[in-house]
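Read the structure below first, then the notes.
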Amino acid sequence: MFCFLLSTFYFLFSFISYAETVRLDRIEMKRDRGYDYLDVYTTGWSEAKGLLLENKLYIDFPGAVVGQPEFLKRKSKRIADIAFEQKDKTTARLVITLKKSVDYDIVNVFGRDKTVIEIGDRLDGGFTRQFAWETKIAGKKGAPLKPVKLAPVVARADLPLRGKTIILDPGHGGDDPGAAGCGSLPEKELTLLTARACAERLREAGAAVILTRDEDRRSNLRDVMSFANGTNADIFISIHYNSTENGRIAGSETYYHNPVSRRFAEAMHEAVVRGVGEKDRGLHRVPFYTVKNARMPSVLLEPAYLSNEEEYERASSASFREKLAGSILKGVKEYFGSRTH
Ligand SMILES: [Zn+2]
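When you line the sequence shown up against this note's numbering, it's residues 1 to 341, in that order.
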């Protein structure tokens with residue numbers, strides 16, 4: 001009898017907790033005004049978050065299980081496939097495989113347990129500018145390299161980055177200001193300020209940090225990379241800020257090139273997008289000089305567009321740099337913490 005009661009309670013309890021768990025209920029693909037839309041209905045409130053990694057767009061629903069949602073599919077010139085999976089015990093995930101480069105937005109409609117994902121063609125970003133800059137600057141004689149090596153703040157055995165050496169490469173400098181942006185601070189100054197803030201956080205976590213420059217100075221990119229490759233550093237992070245002719249474009253982008261960098265780049269992009277809270281403009285594989293020539297896992301960060309007025313205002317503040325430095329630290333820790341080899 002007691003056993004029966006217990007199992008009844010257990011049944012009731014599991015029924016109640018199941019009933020309280022948010023499930024994906026229905027997913028509808030739609031098309032309107034040149035955009036693709038995904039309307040995702042859930043059985044309760046879950047604030048969806050996106051992450052764009054090359055040709056995959058991941059939409060996570062925290063506190064939700066996948067269940068068996070009804071799926072109203074339709075043809076799309078941008079979406080090749082949509083799959084559902086349980087990312088972990090408490091997160092349901094949509095995996096959208098893309099046919100082309102896109103921009104996306106997510107609107108969580110509070111009170112209606114509905115999330116709208118808008119997917120449109122990617123507005124052109126800074127790839128071409130960055131390449132043009134590299135071509136111009138790569139062959140140009142620069143000032144001799146003057147890197148600065150900074151020891152960990154304290155050498156405690158329990159610090160997460162103890163024993164690691166990290167190269168931070170603040171983009172531009174000297175006669176090369178980088179992007180002018182919408183205000184008085186050129187890219188070369190913001191990259192240096194960011195690298196310094198970031199170095200502090202990494203050193204506090206036990207890492208040794210090498211800055212490829214710690215003053216207003218431009219060295220040849222070939223010199224930067226041959227130096228970096230001679231250091232035995234564990235990872236390499238190039239810091240830039242983006243810009244383009246279209247002042248409406250805003251958001252964080254991350255680049256990598258060599259396959260060995262992919263997992264590091266994913267961790268960094270996720271940490272930056274979540275940490276600084278700008279629009280997610282995706283992780284991309286592009287053969288920029290630094291990430292192509294680094295012989296260690298490497299990324300090039302473009303956390304914000306200086307050509308967008310509002311984003312410039314935010315990105316040029318000390319509080320943004322602190323958030324960004326914290327995000328970079330988080331991404332680096334995540335990478336080393338979850339590394340299996
Ligand atoms: Zn740059």
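Positions of the beta carbon are idealized from the N, C-alpha and C atoms, including for glycine.
request  = Run the proximity test for residue 171: is its beta-carbon closer than 6 Å to any non-hydrogen atom belonging to ligand 1?
outcome  = As a position in the sequence shown, residue 171 is number 171, starting the count at 1. Flag set: Cβ of residue 171 near ligand 1.
ask   = Where do the N-terminal and C-terminal ends of the beta strand (DSSP E) with residue 80 fall, by residue?
value = For this step, residue 80 is matched to residue 80 along the sequence shown. Residue 80 -> beta strand (DSSP E) spans 79-88.
ask   = For residue 229, does the three-state DSSP call read helix, strand or coil?
value = Indexing the sequence shown from 1 puts residue 229 at position 229. Three-state result, residue 229: helix.
task = Taking 7 Å as the cut-off, decide whether the C-beta atoms of residue 235 and residue 147 are in contact.
result = Walking along the sequence shown from the start, residue 235 turns up at place 235. Walking along the sequence shown from the start, residue 147 turns up at place 147. For residue 235 and residue 147, no; Cβs fall outside 7 Å.
request  = Measure the beta-carbon distance from residue 167 to residue 80 and round it to whole angstroms, keeping in mind my assumption that it falls under 8 Å.
outcome  = Your numbering for residue 167 matches position 167 in the sequence shown. Your numbering for residue 80 matches position 80 in the sequence shown. The pair is not a contact, with the Cβ atoms about 37 Å apart (cut-off 8 Å).
Candidates 293, 199, 218: closest to residue 327 by CA position = The residue given as residue 327 occupies position 327 in the sequence shown. Closest option to residue 327, Cα to Cα, is 199.
message = Using 7 Å as the threshold, is the C-beta distance between residue 117 and residue 102 below it?
response = Indexing the sequence shown from 1 puts residue 117 at position 117. Indexing the sequence shown from 1 puts residue 102 at position 102. Their beta carbons are not under 7 Å apart, which means residue 117 does not touch residue 102 by this criterion.
task = Could you tell me whether any non-hydrogen atom of ligand 1 is closer than 6 Å to the CB of residue 178?
result = In the sequence shown, the residue the question calls residue 178 occupies position 178. Yes, the Cβ of residue 178 comes within 6 Å of a heavy atom of ligand 1.
message = For a quick check, are the C-beta atoms of residue 191 and residue 171 less than 7 Å apart?
response = The sequence position of residue 191 within the sequence shown is 191, counting from 1. The sequence position of residue 171 within the sequence shown is 171, counting from 1. It is a contact, given that the beta carbons lie within the stated cut-off.
ask   = Based on the DSSP output, what are the partners of residue 26 in its beta bridges?
value = The sequence position of residue 26 within the sequence shown is 26, counting from 1. DSSP lists 41, 70 as partners of residue 26.
task = Just the C-alpha distance for residue 313 and residue 334, rounded to the nearest angstrom, thanks.
result = Indexing the sequence shown from 1 puts residue 313 at position 313. Indexing the sequence shown from 1 puts residue 334 at position 334. Cα to Cα, the separation comes out at about 29 Å.
ask   = Is there at least one non-hydrogen atom of ligand 1 closer than 6 Å to the beta-carbon of residue 311?
value = As a first step, residue 311 must be located in the sequence shown, where it is residue number 311. No, the Cβ of residue 311 stays beyond 6 Å of every heavy atom of ligand 1.
task = List in chain order: all unbroken beta strand (DSSP E) runs of 3+ residues lying wholly within the stretch 113-156.
result = 114-121, 148-150
ask   = DSSP three-state call for residue 49: helix, strand or coil?
value = On the sequence shown, position 49 is the one that residue 49 refers to. In the three-state scheme derived from DSSP, where H, G and I count as helix and E and B as strand, residue 49 is classed as strand.
request  = Starting from the C-beta of residue 247, find all residues in its chain whose C-beta is less than 7 Å away, skip the five residues before and the five after it, and write them out in chain order.
outcome  = Along the sequence shown, one-based indexing puts residue 247 at 247. If the five residues before and after residue 247 are omitted, its C-beta is found closer than 7 Å to the C-beta atoms of 307, 308, 309, all from its own chain and listed in chain order.
query = Do the stretch 212-224 and the stretch 246-266 touch if we need at least three Cβ pairs shorter than 8 Å?
reply = no
message = Could you compute how far the alpha carbon of residue 156 sits from the alpha carbon of residue 66?
response = Within the sequence shown, the letter at position 156 stands for residue 156. Within the sequence shown, the letter at position 66 stands for residue 66. If you take the alpha carbons of residue 156 and residue 66, they lie about 43 Å apart.
ask   = If you compare alpha carbons, which of 243, 288, 289, 337 is closest to residue 263?
value = Here residue 263 corresponds to residue number 263 of the sequence shown, with the count starting at 1. Residue 263 has its Cα closest to that of 337, out of 243, 288, 289, 337.
request  = Go ahead and label residue 34 buried or exposed: buried means 16 or more other beta carbons lie within 10 angstroms of its beta carbon, across all protein chains shown.
outcome  = Residue 34 sits at position 34 when you count from the first residue of the sequence shown. Per the 10 Å Cβ criterion, exposed.
ask   = Between the C-alpha atoms of residue 52 and residue 71, what's the straight-line distance to the nearest angstrom?
value = Within the sequence shown, the letter at position 52 stands for residue 52. Within the sequence shown, the letter at position 71 stands for residue 71. Cα to Cα, the separation comes out at about 22 Å.
query = In whole angstroms, what is the alpha-carbon distance linking residue 268 and residue 316?
reply = By 1-based counting over the sequence shown, the position of residue 268 is 268. By 1-based counting over the sequence shown, the position of residue 316 is 316. For residue 268 and residue 316, the distance between alpha carbons rounds to 20 Å.
query = Hey, how far is the Cα of residue 31 from the Cα of residue 106?
reply = Counting from one through the sequence shown, the residue named residue 31 turns up at place 31. Counting from one through the sequence shown, the residue named residue 106 turns up at place 106. Between residue 31 and residue 106, the C-alpha separation is close to 15 Å.
ask   = Would you report the Cα separation of residue 341 and residue 298, rounded to the nearest angstrom?
value = Residue numbering aside, residue 341 sits at position 341 when the sequence shown is read from its first letter. Residue numbering aside, residue 298 sits at position 298 when the sequence shown is read from its first letter. Model confidence at residue 341 stands at a pLDDT of 41, short of 50, so the residue's coordinates are unreliable and nothing is read from them.
query = From residue 37 to residue 132, what does the alpha carbon distance come to, in whole angstroms?
reply = Your numbering for residue 37 matches position 37 in the sequence shown. Your numbering for residue 132 matches position 132 in the sequence shown. Approximately 35 Å between the Cα atoms of the pair.
query = When we look at the beta-carbon of residue 175 and count the other beta-carbons within 10 Å, is it buried (16 or more) or exposed?
reply = By 1-based counting over the sequence shown, the position of residue 175 is 175. Its Cβ having fewer than 16 others within 10 Å, residue 175 is exposed.
ask   = Identify the residues that DSSP records as bridge partners of residue 328: which are they?
value = Looking up residue 328 in the sequence shown gives position 328. Looking at the DSSP assignment, residue 328 forms no beta bridge with any residue, so it has no partner.
ask   = Looking at the unbroken beta strand (DSSP E) that takes in residue 110, where does it start and where does it end?
value = On the sequence shown, residue 110 is found 110 positions in, with the first residue counted as 1. Here residue 110 belongs to no beta strand (DSSP E), and DSSP marks it neither H nor E.
ask   = Relative to the alpha-carbon of residue 42, which residue among 68, 58, 23 has its alpha-carbon at the smallest distance?
value = Within the sequence shown, numbered from 1, the residue matching residue 42 stands at position 42. With distances taken between Cα atoms, residue 42 lies closest to 23.
query = Beta carbon of residue 189: closer than 6 Å to some heavy atom of ligand 1?
reply = Locating residue 189 in the sequence shown gives position 189, where the first residue counts as 1. Because no heavy atom of ligand 1 lies under 6 Å away, the Cβ of residue 189 does not count as near it: no.
inquiry  = Check whether the stretch 286-300 and the stretch 316-325 touch, using three or more Cβ-Cβ pairs below 8 Å as the test.
reply    = no
query = residue 269: beta carbon under 6 Å from a heavy atom of ligand 1?
reply = Walking along the sequence shown from the start, residue 269 turns up at place 269. Outside the cutoff, so no.
ask   = The beta strand (DSSP E) spanning residue 263 covers which residue range?
value = Reading the sequence shown from its first residue, position 263 is the one you call residue 263. Per DSSP, residue 263 belongs to no beta strand (DSSP E); it is in the alpha helix (DSSP H), 262-276.
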